[in-house]
Every structure is written in structure tokens, then in C-alpha cells.
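Take the sequence shown: its letter number 101 is residue 101 in UniProt numbering, and every next letter is one higher. Ideal Cβ positions, reconstructed from N, Cα and C, are used throughout, including at glycine. Since this is a predicted model, take the numbers as computed values, not measurements.
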Amino acid sequence: MKVSNINNCLNSINTDEKVGVKVAFLTGDEKMSVFAIELTKGQFIPAHYHKKDIETYFILNGYGIVYTGTIENDDILWNPEKEVNTGDCFTIYPGEIHGFKNISEGTLRIIATAPLIHSQDDRYFIETQKSPNR
Numbered sequence: 001m002k003v004s005n006i007n008n009c010l011n012s013i014n015t016d017e018k019v020g021v022k023v024a025f026l027t028g029d030e031k032m033s034v035f036a037i038e039l040t041k042g043q044f045i046p047a048h049y050h051k052k053d054i055e056t057y058f059i060l061n062g063y064g065i066v067y068t069g070t071i072e073n074d075d076i077l078w079n080p081e082k083e084v085n086t087g088d089c090f091t092i093y094p095g096e097i098h099g100f101k102n103i104s105e106g107t108l109r110i111i112a113t114a115p116l117i118h119s120q121d122d123r124y125f126i127e128t129q130k131s132p133n134r
């Protein structure tokens, strides 16, 4: 059994250069992994999507905005933005564009579950001018 501490993992890693926030692998394997994500005030994760498998999110503390949308005929159809708060959880499905922005005064901490490949080989970013969370 492997035990990981969220605080220790987030404090010991550097920012993920592709998304600009701290993302720490906590536990799991290729099929399903658990990650801790930390966004400081005003930080955002750029809009992106995954072609395979779902992701689940649980807001540990703070609050933010989740942007979601779909691609249809090379256009992005954005859904109304959704505010999420401490204790909220939700699922992102394959092909669903998603991004996050911390709108709280402090840190936004999220626990996410996804296949390990999501952060490596199955992450497709949306052009900046098409993304609402810039």
C-alpha cells in the first residue's frame, strides 16, 4: 500500500508547465490515478479536452468557475459557466472541453481522478482566442 499526503505532494513539486498550475500525482496506476491540483488566486487551467475516459473532480477548498463546451463542425459551443465550491464534485466526459479559474481570495484545491495518460498523451488544448478562461 502506498500512502501520499496531499500537502506534502503539492509542496514538493513544481508547476506543470503545460497548464501553469501545480498538479501532483498522489496514487494509482495507468488505468486510474488520483491527482491533487492547486490554483492560486486568479490562476486558471486552459481549456482542453481528452479523447478517452472520464475525469472526476472534487473541490477540497476554495471556489472557482468551470468552463465546459463541445466541438461541433470546427466551432466550440460553450455551455454557461458553472461556479463550483468546497465540497462540490462533478464528472468531465471524453471530448468535453473544460477549463478552470480560481475566483476565490485564497487557494483552490481540487482532487481529480483520471487515467495517468490524461496529463501526458491525451490532453488537447483549445486555441487561446477560443477559450473563455484566459
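Report task. Count the other C-beta atoms from every protein chain shown that fall within 10 angstroms of the C-beta of T68, then say buried if there are 16 or more, exposed otherwise. Result -> Burial call: buried.
Query raised in the report: Roughly how far, in whole angstroms, is the beta-carbon of G64 from the beta-carbon of I111, given that I think they are within contact range, below 8 Å?
Result: A Cβ-Cβ distance of about 14 Å is found for the pair G64 and I111, leaving them out of contact under the 8 Å criterion.
Query raised in the report: Shortest alpha-carbon distance to F35 belongs to which of H48, L116, I54?
Result: That would be L116, whose Cα lies nearest to the Cα of F35.
Requested in this report: Please classify R134: does DSSP put it in a helix, a strand, or coil?
Outcome: Residue placement at R134 is poorly supported in this model, since its pLDDT is 49, which falls under 50; the coordinates still yield a value, given next. DSSP places R134 in coil when its eight states are reduced to three.
Query raised in the report: Short check: CB of I54 to CB of D88, under 8 Å?
Result: In this structure, D88 does not lie closer than 8 Å to I54 by Cβ.
Query raised in the report: Under the three-state reduction of DSSP, which class applies to N61: helix, strand or coil?
Result: In this structure, N61 counts as strand in the three-state DSSP scheme.
Requested in this report: Look at the alpha carbon of G99 and the alpha carbon of T56, and state the distance between them as a whole number of angstroms.
Outcome: Straight-line Cα distance between these residues: approximately 13 Å.
**Report entry** Local Cβ density within 10 Å of G95, reported as buried at 16 or more and exposed below that
**Finding:** With a 10 Å radius around the Cβ and a threshold of 16 neighbouring Cβ atoms, G95 comes out exposed.
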